[in-house]
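**Q**
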Amino acid sequence: MKKLFAVIGIAALTLFGNVALAADPDPDTLKVALLPDENASELIKRNKPLKEYLEKALGKKIELVVTTDYSSMIEAMRFGRLDMAYFGPLSYVLAKSKSDIEPFAAMVKGGKATYRSVLIANVNSGVNSYKDIKGKKVAFGDRVSTSGHLIPKTVLADAGARVDRDYSAHFVGTHDAVAINVANGNADVGGLSEDIWGYMNDRKLIDASKVKVLGYSKGYPQFPWTMRSNLKPELKQKIRQAFVDLKDPEVLKNFKAEGFTSVTDKDYDVIRDMGKILKLDFSKM
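With mature numbering (1 follows the signal peptide of the UniProt record, and there is no 0) as the guide, the letters of the sequence shown map in order to residues -22 to -1, 1 to 263.
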């Protein structure tokens, strides 16, 4: 019986391990995953201009996908169920360790391909600086989020505040949920993407009078667009060029970007180094 289960197990591993290898190198429809950090229907609606642009530039149908979270997005890429994916830097690093994928483009803002996290606090929390974090409840987004977890936690660590020793960490899933929890007083402090914080304020999705900004992180490499490495070389080049040449105002408006620039895996070594400093076990994320 044990031998039978062993054979079945090996067969299953072989089957799933070959899924990505068997994926069509030149599919008629490209499945493109968006960041699962906001409401799915809103994300797909806002990215309709991107869908239309890519269909025209690549001559293929585009299916936009929003997975339930970062982990399911990583697994979908791992098993070849996605052709392209827009990862956060940390989720990309994790996906790269499990999949044969490659980053090819990142957006440019203010002439830079970098972005920041913002740390916010409830106005009644008694927190006016990072030194006041002791004994407080800190909200993060997804465990695999860079700007909603890794970067804010690094900022606090640099200020001498360590999780579990100085504050308790609570994961609420998305960036907007972080802001809402802080505004509602369910968390004293929260860390999220500066861009999403700005988006929520611009559209008055949060009562700004209930929240104050504690500070911003330094700049880190922007979210990478990635693709399966086993796509047809000619298709990969067309995808790269489509992003580098992207000037469609409706697409760029959604990303609040000036354009896109080429990136490589090496650009994300800084994220790997941050994980080592915080002693994160990537295998458990």
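Every residue gets a Cβ at the ideal spot worked out from N, C-alpha and C, and that includes glycine.
Can the beta-carbon of residue 192 be found closer than 9 Å to that of residue 128?
**A** Within the sequence shown, the letter at position 214 stands for residue 192. Within the sequence shown, the letter at position 150 stands for residue 128. Result no, Cβ atoms of residue 192 and residue 128 do not sit closer than 9 Å.
**Q** Beta-carbon separation of residue 170 and residue 119 under 9 Å?
**A** The residue you call residue 170 lines up with position 192 of the sequence shown. The residue you call residue 119 lines up with position 141 of the sequence shown. For residue 170 and residue 119, yes; Cβs fall inside 9 Å.
**Q** Hey, how far is the Cα of residue 36 from the Cα of residue 240?
**A** On the sequence shown, position 58 is the one that residue 36 refers to. On the sequence shown, position 262 is the one that residue 240 refers to. So the alpha carbons of these two residues sit roughly 18 Å apart.
**Q** Nearest CA to the CA of residue 204: which residue from 25, 56, 92?
**A** As a first step, residue 204 is located in the sequence shown; it is residue number 226 there, counting from the start. When each option's Cα is compared against that of residue 204, the closest is 56.
**Q** Who are the Cβ neighbours of residue 175 in its own chain at under 6 Å, not counting the five residues just before and after it?
**A** What you label residue 175 is simply residue 197 of the sequence shown in a count that begins at 1. Excluding positions up to five away in sequence, the list reads 96.
**Q** Beta carbon of residue 93, beta carbon of residue 237: below 9 Å?
**A** Walking along the sequence shown from the start, residue 93 turns up at place 115. Walking along the sequence shown from the start, residue 237 turns up at place 259. No, the Cβ-Cβ distance between residue 93 and residue 237 is not below 9 Å.
**Q** Excluding the 5 residues flanking residue 153 on each side, which residues of the same chain have their C-beta closer than 6 Å to its C-beta?
**A** For the purposes of this step, residue 153 is taken as the residue at position 175 of the sequence shown. Closer than 6 Å at the Cβ level, and outside the excluded window around residue 153, lie 15, 119, 126, 170, 171, 174.
**Q** Let me know the secondary structure DSSP gives residue 209 once reduced to three states.
**A** For the purposes of this step, residue 209 is taken as the residue at position 231 of the sequence shown. In this structure, residue 209 counts as coil in the three-state DSSP scheme.
**Q** In the DSSP output, which residue or residues are listed as bridge partners for residue 168?
**A** Numbered from 1 along the sequence shown, position 190 holds the residue referred to as residue 168. For residue 168, which the question treats as bridged, DSSP gives the partners 98, 117.
**Q** Rounded C-beta distance between residue 166 and residue 115? I'm assuming under 8 Å.
**A** In the sequence shown, the residue the question calls residue 166 occupies position 188. In the sequence shown, the residue the question calls residue 115 occupies position 137. About 5 Å; that satisfies the 8 Å criterion.
**Q** So, are the CB atoms of residue 235 and residue 51 less than 9 Å apart?
**A** If you number the sequence shown from 1, residue 235 lands on position 257. If you number the sequence shown from 1, residue 51 lands on position 73. Contact flag unset, no.
**Q** Taking the CB atoms as reference points, tell me whether residue 78 and residue 218 lie closer together than 9 Å.
**A** Position 100 of the sequence shown, counting from 1, holds the residue named residue 78. Position 240 of the sequence shown, counting from 1, holds the residue named residue 218. No, they are not a contact pair.
**Q** Considering only C-alpha positions, which residue in the set 140, 133, 137, 190 is nearest to residue 158?
**A** For the purposes of this step, residue 158 is taken as residue 180 along the sequence shown, with counting starting at 1. Of 140, 133, 137, 190, the residue nearest in Cα terms is 190.
**Q** Taking the straight line between their C-alpha atoms, what separation do you get for residue 244 and residue 39?
**A** Here residue 244 corresponds to residue number 266 of the sequence shown, with the count starting at 1. Here residue 39 corresponds to residue number 61 of the sequence shown, with the count starting at 1. Cα to Cα, residue 244 sits roughly 31 Å from residue 39.
**Q** Excluding the five sequence neighbours on either side, which residues of its own chain have a C-beta within less than 6 Å of the C-beta of residue 137, listed in chain order?
**A** Sequence index remark: in the sequence shown, residue 137 carries index 159 (1-based). Once the five neighbours on either side are set aside, the close Cβ partners of residue 137 are 108.
**Q** Mind listing, in chain order, the continuous beta strand (DSSP E) runs of no fewer than 3 residues lying wholly within the segment 131 to 187?
**A** You should have 145 to 149, 167 to 171.
**Q** How big is the Cα-Cα spacing for residue 111 and residue 103?
**A** One-based indexing of the sequence shown puts residue 111 at position 133. One-based indexing of the sequence shown puts residue 103 at position 125. Looking at the two C-alpha atoms, the distance is approximately 10 Å.
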